[in-house]
Structure formats: C-alpha cells, structure tokens
Amino acid sequence: MSIEVSNLSFSYGENQVLDHVNFTAQDNQLLSVLGPNGVGKTTLFRCILGLLNGYKGQILLDGIDIKGLGIEEMAKLIAYIPQFHYPSFNYSVFDMVLMGTSVQVSAISSPGRKQKKLVETALKRLGIYHLKNRGFTRISGGERQLVLLARALVQESKILVMDEPTSNLDFGNQVRVLTEIKSLAKEGYTVIQSTHNPDQTFLFSDKVMAMKDGRVLAWGTPGEIFTADLIYNLYGVEVEMESFYHDQARVCIPKSIVEKDHVSDLLSIC
Amino acid sequence: MEHSEGNTLIVIGLGILLVITIIISFRLGRYPIPTKEVLGISLSKIYPIEQFWTDQVEMVLINIRLPRIILACLVGCCLSATGVVYQGVFQNPMASPGILGASAGAAFGAALAILNYGSSFMVTISAFFFSLLTVSLVYLISKKVKGKSILGLILSGIIVSSLFSAATSFIKLVADPTDQLPAITYWLMGSLAGAKIGDIKFVIIPMTIGLVPLLLLRWRMNVLTMGDDEARTMGVNANQVRFIVIFCSTLTTAASVSVSGMIGWVGLVIPHLARKLVGNNYNHLMPASILFGAIFLLLVDNVSRNLFTTEIPLGILTAFIGAPFFIYLITREGETY
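Line by line, the protein sequences give chains D and Y.
Be aware that the first sequence starts at 66, since it is given in the numbering used here, and climbs by one per residue.
Be aware that the second sequence starts at 1002, since it is given in the numbering used here, and climbs by one per residue.
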C-alpha cells in the first residue's frame, strides 16, 4: 500500500493552509510529519482521510484517486487513530475495538464471531487483552492509545494515520506506543504520524517530512534532513545536535538554556 | 464474553417484567378484575375456553383497559427509544425526543385543532402533522447552517421549538377560557385517558415504520457516538445514518405525542436507567430502553388512573417520579465499570 500526494493545496477561504505539498509513503515505512502547531498537519491528514473535500491536487491510495472512492472503500484502505478524547459515552475496551470492524458488516447487522476473533487477536497482540472488559475512560492514557491502535488494526486497512499518537503520554508509554507503531510498519503497514518530538522522530521514523507554513520544508530519511538548521527553521529555537551510537540517535539540546546555566555556573564559581 | 451474556439475560428479564406489569395493569382499576379472569379472557381470544366471567368484565377489559395498556406500552417504548438514539446520534447525553421540535410542533397542532373545535381524532391528526412539519423545518434550516451539522440541528431545533411554543401560547391567549383553554392545558400535560382502539390503529403504522429501522441500525449508533469524523474513517456515513435516525424518530415521536400529549422525562430518564443496567452498547441498550420505557409508562399510567378519583396527567407524574429518581442516579457513587 502506498500514499502518493502530489501538488496538494487547501485553503479555508482566503487562508491557504496547504501549499503544493508533495510526498509519497510506501509499505514498511513509518513517515513522521514534523512541524510547529498550526502548520497544516491536521489539515493534511484530514485531506488524506477523505474528511475534507475541495482540495487542489491529487491524493492516491495504492494508486487509486480518493476522489472516486466511497466512504466504505476508503475505510478499507486507510484507518485513523485519533488523539484521545473523552467519548460522550463510556464503552468497554472490547466494544470500543469492535467498532473498528463496522465496515466489514452491513449497515443493519452487528459484528459477528469472526469480528470478535479479530478483536481478541488485536488486543492480545498489543498486550491489552486483560483490559477487554474495562471501561475505555477508566484506563490509562497509554492503554487508551493502544486501544485506539487496536481499533485501527481490526479495520484491516494497511495504511494507518495517527494524529500525535504520543502527545499526552508519559515517557514510558511514548516509547511503548512508538515501538508498536514501528513494528507494525515493519510488518508491512504504511504509517503516517504527526509528532512534536524531534529526538523520537529521528529514532523511530523511516522518512521524515518537515512542514512549515503549509509547505514541505524538507523531506527524506532522518539522517539526511536532521540538522540544527532545520530545527531552527521549524521552531525558531537554536539547538545543538548531538549524535550517538554511530548516528543511530540524534538529540537536540536547546542552546539558550544550556548557555545560561553555563554562565550561572561560572558566576557561582567566582 | 461474560458481559454481553449477562446483558442478554437482563433484556430477557425486562421482557418478563413487562409481561407481569401488563397482567397486573389489567387487574387494576375502579373495577378490579382477578388475575384468573384476566388470563381467561386473554386466552379465550386464541384458544376456546368456557366463559367463567361476566360479559361486563370482558367489555371493560377489552374496550377500556386493553387500548389504554397497549397505548401506554407503545408510547413509553417509542419515547424511550427515540431518546436513546438521539443521545447517540447527537453525541449528547442530554438529548431527548423533543430536541428537534417534535413536541413543540405537536403541541401547536393540537392547540390549533382544539381552537377550531376539532374532534379528538382531528386533534391527533393535527398534532401528528405539525410535529412532522416542525422537524422538517428544523432539518431544512440546519442544512443552511455553516459548520458542524450537529450544532446546526440542535440550534435550529431550539429556535423553531421556541417559535412554535410562542404560537401555542398565543392560541391559549385567544382560546375560549371556559372550554378550549382547559382542553389545551390538559392536552399539554399529557394523558392516555380515553384511549381508543382507533388511536392504536392510527399510531401503529408510523411507530412500526420508525422503530424497526432504529432497531436494525443499533450497532451503527455506537460508531456515531465517536463523532462524525471517526465514524467516517471507520466506514460509517454519519450524516446518512443520522438522517435515517431523525426520520424514523420523528415518525415515532410524532405518533406518540399525537395520542398522549406532552409526556416529558421518559425519553431522557429511561435511556439513562437502561445505560446503568446494560451499559452503552446499543446492541443491548436499544431493546433494554424499549422494554424499560414500556414498563415505566405503564406503571406511571396505572398510578395516574388509580391514585385518585380524578386522573392525574401523565406529564406531571413522570416529572414527579422521574426527577427525584434521576437526582439519585446522577449523585450515586460509582459507575457500571
């Protein structure tokens, strides 16, 4: 499965949010979209998911233009993992995940044994089977993110779109969720996520797209594009970029903070 | 799936409870009839039994109590079913059957018919017609509202409802205070007194046309509570499902209100009670709400016709019984899971 986006532009009235965005994502790839708030990441995702019409340009999923696809056909190709929000009504984890199978059954029937099996497999795969009878709003943030991931897996579509999957998680859960996402990509899924953490983006992504003002600022493997200049261009923060483990990891350290502390260290010595 | 098996048992239990409530309701009244005779008369309709009761008893049972009990069950289950599906498709726990103006429209229609000295059947027809008209108007206006469709619907519902309420008030102002005004006021308070077989014949078709699709679509409603965008990415067209649900719910609400007048609370309280019992999954929640609604309104109607020599309007009783119960419910510690 692949995503090919060419010359994608979108505006809300006068306000142009996306400006000729081009990129592709292939099987076995985790693509991270990096960029400051309000840069058009969410709009980009909404276009790819078929939630926004009226864009200019072309979006191909597996070579098919999404403009010609119905809602059900779209759902069979691409699944969405939203940021956590409290649903209006509390559902058990099992029911919550089962909803992901809706596209496999007709409008007037409920998911059956086959779908329930899928749910059990997905819950076991993500290590949250023991939560199946718990209420969705009663489990931890990391567990909820895994539940939403399970819901996307049972949908059986090979492209996963994730809106800041780690934004509300503690460090341990961030690593856990990203590891799962990474292994899904290895298994053949195409995963696109938006993110705010440069270090983790470098560590986990196969491809990175840096966006600013609705345009693609840089595109490539993390090793190719990750520089202190890029971070400055994106966020306006001067950083020092350190490389570790033969460049398997790079870490950004904001200069202003380090230097200030350095100065105060010096002052305290005097 | 221990959960869902338990819930199936609860739904079956509610079904049995409804049957028991119906049998008890037949006994109750100014003219008490023993259970033996109730069962005898019921069975004689299917299976020939030698008559051991008087013709008068059979007359009371078939012509007076039967229509009223059937109507109480039908109105109860329709209001409760509409309430529970509206809560889902509007993603709002406070939604009730009147949210799109069905009740306000019916009230105006009834008042208008009473003002023009319509027969009781005319009042029903007029209430039904204006109820449908109001919701259609709300739907059309909401289509013009920019932005989120749910917000548009609810806002249009509030606006059009208050317009029709004002029109109803105006009719009350000009109505003849000796006979018309009390009739309107009494209608607005809700009652099943004087229920006839003819009423059932009138409402049964719209109620069935409305309820069956709602029951069939119940899994889809779970998905709709996640929000329109999420539903869409899961392959469910939220706007389409919502349109069908609104269409069906409007038929059932209009039919209910046109024969019963304004009965509040059932559509709000019963769904929440059902949620406490079987959880939020509509697979069990729908049947549970329908059965619970029927039981509740039947019980309330029994109180209404037996407590005092004059009947107490249902709208008053449902509030008196519903409100304290609801307070208990929302202040209670702990949740189902």
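Glycine residues also receive a C-beta, built at the ideal position from the N, C-alpha and C atoms.
Paired residues, beta bridge with D/C317 - DSSP = As a position in the first sequence, residue 317 of chain D is number 252, starting the count at 1. Looking at the DSSP assignment, D/C317 forms a beta bridge with D/M306.
What does a CB cutoff of less than 6 Å around D/N72 pick up in its chain, not counting 5 residues either side in sequence?
-> As a working mapping, residue 72 of chain D is identified with position 7 in the first sequence. The answer, listed in chain order, is H85 and G122.
Do Y/D1230 and Y/S1150 come within 9 Å of each other at the CB atom, strictly closer than that value?
-> Indexing the second sequence from 1 puts residue 1150 of chain Y at position 149. Indexing the second sequence from 1 puts residue 1230 of chain Y at position 229. No, they are not a contact pair.
Going by the beta-carbon positions, is the gap between D/M306 and D/V98 smaller than 9 Å?
-> In the first sequence, residue 306 of chain D corresponds to position 241, counting from 1. In the first sequence, residue 98 of chain D corresponds to position 33, counting from 1. The answer is no: Cβ separation not under 9 Å.
So with Cβ pairs under 9 Å, would you call Y/M1208 a contact of chain D?
-> The residue you call residue 1208 of chain Y lines up with position 207 of the second sequence. For Y/M1208, the nearest beta carbon of chain D is not closer than 9 Å to its own beta carbon.
For chain D, is any of its Cβ atoms less than 9 Å away from the one on Y/M1002?
-> Counted from its first residue, the second sequence places residue 1002 of chain Y at position 1. Any reading at Y/M1002 needs caution, since the residue's pLDDT is 47, under 50, leaving its predicted position unreliable; the model's value is listed next. The beta carbon of Y/M1002 sits closer than 9 Å to some beta carbon of chain D.
Answer yes or no: does any C-beta atom of chain Y fall closer than 9 Å to that of D/S67?
-> As a first step, residue 67 of chain D is located in the first sequence; it is residue number 2 there, counting from the start. By this cut-off, D/S67 is not an interface position.
Excluding five sequence neighbours on each side, which residues of the same chain lie with their C-beta closer than 7 Å to the C-beta of D/T216?
-> The count along the first sequence starts at 1 and reaches residue 216 of chain D at position 151. Note that residue 216 of chain D corresponds to Arg in the displayed sequence, not to Thr. Taken in chain order, the residues that qualify are M161, V162, M164 and G165.
Return yes when the Cβ of Y/L1212 is within less than 9 Å of the Cβ of Y/D1302, no when it is not.
-> Position 301 of the second sequence, counting from 1, holds the residue named residue 1302 of chain Y. Position 211 of the second sequence, counting from 1, holds the residue named residue 1212 of chain Y. Y/L1212 sits away from Y/D1302, with the two beta carbons spaced by 9 Å or more.
For D/L73, write down the residues that DSSP places opposite it in a beta bridge.
-> On the first sequence, position 8 is the one that residue 73 of chain D refers to. Per DSSP, D/V86.
Where does the unbroken beta strand (DSSP E) through D/M164 begin, and where does it stop?
-> On the first sequence, position 99 is the one that residue 164 of chain D refers to. Under the DSSP assignment, D/M164 falls outside any beta strand (DSSP E); it carries neither an H nor an E label.
What residues in its chain sit with their C-beta under 7 Å from that of Y/T1337, if we drop five residues either side in the sequence?
-> For the purposes of this step, residue 1337 of chain Y is taken as residue 336 along the second sequence, with counting starting at 1. The pLDDT assigned to Y/T1337 is 47, lower than 50, so where the model puts this residue is not dependable; a value taken from the coordinates is nonetheless given after this. The residues are K1277 and G1280.
Reduced DSSP category for D/N80 - H, G, I as helix; E, B as strand; rest coil | To locate residue 80 of chain D, count along the first sequence from 1; it is residue 15. Three-state result, D/N80: strand.
Give the secondary structure of D/K277 by DSSP, where H, G and I count as helix, E and B as strand, and everything else as coil.
-> By 1-based counting over the first sequence, the position of residue 277 of chain D is 212. Three-state DSSP puts D/K277 in a strand.
Could you tell me whether the region 1286 to 1296 of chain Y touches the region 166 to 175 of chain D, using the rule of 3 or more Cβ pairs below 8 Å?
-> Not touching, per the Cβ criterion.
When DSSP labels each residue in this structure, what does D/A172 get in the three-state scheme?
-> As a first step, residue 172 of chain D must be located in the first sequence, where it is residue number 107. Reduced to three states, the DSSP call for D/A172 is coil.
Quick one: what's D/W284 bridged to in DSSP?
-> Stepping through the first sequence from its first residue, residue 284 of chain D is reached at position 219. Residue pairing by DSSP places D/W284 opposite D/M274 in a beta bridge.
Apart from the five residues on each side of it in sequence, which residues of its chain come closer than 8 Å, Cβ to Cβ, to D/D92?
-> Residue numbering aside, residue 92 of chain D sits at position 27 when the first sequence is read from its first letter. Here the set comprises M66, S67, K223, G253, Y254 and T255.
Contact with chain D by Y/T1009, beta-carbon distance below 9 Å = Numbered from its first residue, the second sequence carries residue 1009 of chain Y at position 8. Look at Y/T1009: its C-beta is not under 9 Å from any C-beta on chain D.
Report the partner residues of D/Q220 according to the DSSP bridge assignment.
-> Residue numbering aside, residue 220 of chain D sits at position 155 when the first sequence is read from its first letter. Per DSSP, none; premise fails for D/Q220.
Contacting residues, own chain, Cβ-Cβ under 8 Å from Y/W1220 (five flanking each side not counted) | Here residue 1220 of chain Y corresponds to residue number 219 of the second sequence, with the count starting at 1. Cβ within range, chain order: Y1283 and N1284.
So Y/T1319 and Y/V1267 are in contact, right, with Cβ under 8 Å, and what is the actual spacing, rounded?
-> Walking along the second sequence from the start, residue 1319 of chain Y turns up at place 318. Walking along the second sequence from the start, residue 1267 of chain Y turns up at place 266. With a Cβ gap of about 6 Å, Y/T1319 and Y/V1267 count as contacting.
Hey, out of Y/I1206, Y/G1262 and Y/P1033, whose CA is closest to Y/N1307's CA?
-> For the purposes of this step, residue 1307 of chain Y is taken as residue 306 along the second sequence, with counting starting at 1. Among Y/I1206, Y/G1262 and Y/P1033, the Cα nearest to that of Y/N1307 is on Y/P1033.
If you check the beta carbons only, do D/P287 and D/S308 fall under 9 Å apart?
-> Your numbering for residue 287 of chain D matches position 222 in the first sequence. Your numbering for residue 308 of chain D matches position 243 in the first sequence. For the 9 Å CB-CB criterion, D/P287 and D/S308 do not form a contact.
D/Q258 - DSSP class collapsed to helix/strand/coil = Indexing the first sequence from 1 puts residue 258 of chain D at position 193. In the structure shown, D/Q258 falls within a strand segment according to DSSP collapsed to helix, strand and coil.
Against chain D: residues of the region 1223 to 1242 of chain Y by CB proximity under 7 Å = Going along the region 1223 to 1242 of chain Y in chain order, one finds N1223, V1224, T1226, M1227, D1230, E1231, R1233, T1234, M1235, G1236, V1237 and N1238 with a Cβ nearer than 7 Å to chain D.
Y/Y1338, DSSP secondary structure in three states | Start at 1 with the first residue of the second sequence, and residue 1338 of chain Y comes out as number 337. Any reading at Y/Y1338 must be qualified, since the residue scores a pLDDT of 42, below 50, and its modelled position is unreliable; the value itself is stated next. Of the three classes helix, strand and coil, the one that applies to Y/Y1338 here is coil, per DSSP.
For a contact meaning CB atoms closer than 8 Å, what does Y/W1266 contact in chain D?
-> Position 265 of the second sequence, counted from the first residue, corresponds to residue 1266 of chain Y. Simply none; closest approach about 20 Å.
Output the boundary residues of the beta strand (DSSP E) element that contains D/V98.
-> For the purposes of this step, residue 98 of chain D is identified with residue 33 of the first sequence, where counting begins at 1. Taken as a continuous stretch (DSSP letters only), the beta strand (DSSP E) holding D/V98 covers Q94 to L99.
Kindly list the residues whose CB is nearer than 8 Å to the CB of Y/I1201, restricted to its own chain and excluding five residues on each side of it in sequence; keep chain order.
-> Within the second sequence, the letter at position 200 stands for residue 1201 of chain Y. Excluding its 5 nearest sequence neighbours in each direction, Y/I1201 has C-beta neighbours in its own chain below 8 Å: P1068, I1071, L1072 and L1075, listed in chain order.
Over what stretch of residues does the alpha helix (DSSP H) that includes D/L116 continue unbroken?
-> Numbered from 1 along the first sequence, position 51 holds the residue referred to as residue 116 of chain D. Per DSSP, D/L116 belongs to no alpha helix (DSSP H) and is neither H nor E.
Could you tell me whether the region 1115 to 1133 of chain Y touches the region 1049 to 1058 of chain Y, using the rule of 3 or more Cβ pairs below 8 Å?
-> Touching, no, given that fewer than three Cβ pairs across the two stretches are closer than 8 Å.
Helix, strand or coil for D/Y145, going by three-state DSSP, please let me know.
-> As a position in the first sequence, residue 145 of chain D is number 80, starting the count at 1. The answer is strand: DSSP assigns D/Y145 an E or B state.
Cα-Cα separation, D/L282 to D/Y300 | The count along the first sequence starts at 1 and reaches residue 282 of chain D at position 217. The count along the first sequence starts at 1 and reaches residue 300 of chain D at position 235. Cα to Cα, the separation comes out at about 12 Å.
The region 149 to 164 of chain D: which residues have C-beta closer than 9 Å to a C-beta of chain B, in chain order?
-> No chain B appears in the structure shown, which is made up of the protein chains D and Y.
Using CA coordinates, which residue listed in D/E138, D/V212, D/E185 and D/Q81 is at the minimum distance from D/V104?
-> In the first sequence, residue 104 of chain D corresponds to position 39, counting from 1. With distances taken between CA atoms, D/V104 lies nearest to D/Q81 out of D/E138, D/V212, D/E185 and D/Q81.
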